[in-house]
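These notes are about the structure you will find just below.
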Amino acid sequence: MSQTKSRMNVINVIYIAELTGEELTKFNIREDYDLSENELKALDWIIEKNLLLKKLITKFTKDSWKWERIAPLERAMLIFGAFELSFRDKKIVINEIVILAKKYIYEESYKFINAILDKVADYYESKKQN
Numbered sequence: 001m002s003q004t005k006s007r008m009n010v011i012n013v014i015y016i017a018e019l020t021g022e023e024l025t026k027f028n029i030r031e032d033y034d035l036s037e038n039e040l041k042a043l044d045w046i047i048e049k050n051l052l053l054k055k056l057i058t059k060f061t062k063d064s065w066k067w068e069r070i071a072p073l074e075r076a077m078l079i080f081g082a083f084e085l086s087f088r089d090k091k092i093v094i095n096e097i098v099i100l101a102k103k104y105i106y107e108e109s110y111k112f113i114n115a116i117l118d119k120v121a122d123y124y125e126s127k128k129q130n
């Protein structure tokens, strides 16, 4: 399976949770989805750090933007992007997420995603240097 397809599988699970408001748990993802072991590991990490990832993302949105104002698919892509940026190359991660955003989200939304993920990556980088 391609890395892009695997990314979309994980993003889709996050998207469904964001859309429905259901909390992701390690139990329900194993019961409800047909995912690879790597996809399950990624989701386990995302579930464990979910609140932290959301706080980090909203730290870089405009003050007037609440989490709920961001579209569910954009939120899913931001969560997954913030997860990947914690251990993968900034340029590769942001490029891949922007490509997916251009394919699946409204025309201009990729710019928002790009800007937020760029700030998240810079934040991670500053933490590594300290």
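Quick note on numbering: the sequence shown equals residues 1 to 130 in the UniProt record's numbering.
We put the CB at the ideal spot given by N, CA and C, even for glycine.
None of the values given here were measured: they were computed from a predicted structure.
Quick one: Cα of residue i to Cα of residue j, how far?
i, j, result
"K119", "F60", "7 Å"
"K102", "A76", "14 Å"
"W45", "I29", "12 Å"
"F87", "F80", "12 Å"
"T4", "I105", "16 Å"
"E74", "I113", "7 Å"
"A71", "I94", "18 Å"
"E22", "D34", "18 Å"
To which residues of the same chain is residue i closer than 8 Å at the C-beta, ignoring the five residues directly before and after it?
i, result
"A82", "L53, L56, I57, L117 and V120"
"K49", "F83"
Can you tell me whether residue i is helix, strand or coil according to DSSP?
i, result
"W67", "helix"
"F112", "helix"
"Y106", "coil"
Which same chain residues, not among the five before or five after residue i, have their C-beta less than 6 Å away from its C-beta?
i, result
"L24", "A17 and I47"
Thinking C-alpha only, which one of the options is nearest residue i?
i, options, result
"S126", "S6, I97 and K90", "K90"
"S6", "E96, Y123, E107 and D122", "E96"
"K128", "L85, D34 and N9", "L85"
"N12", "S2, E39 and E31", "E39"
The alpha helix (DSSP H) that contains residue i, what's its start and end?
i, result
"N130", "Counting along the chain, N130 falls outside any alpha helix (DSSP H), and DSSP gives it neither H nor E."
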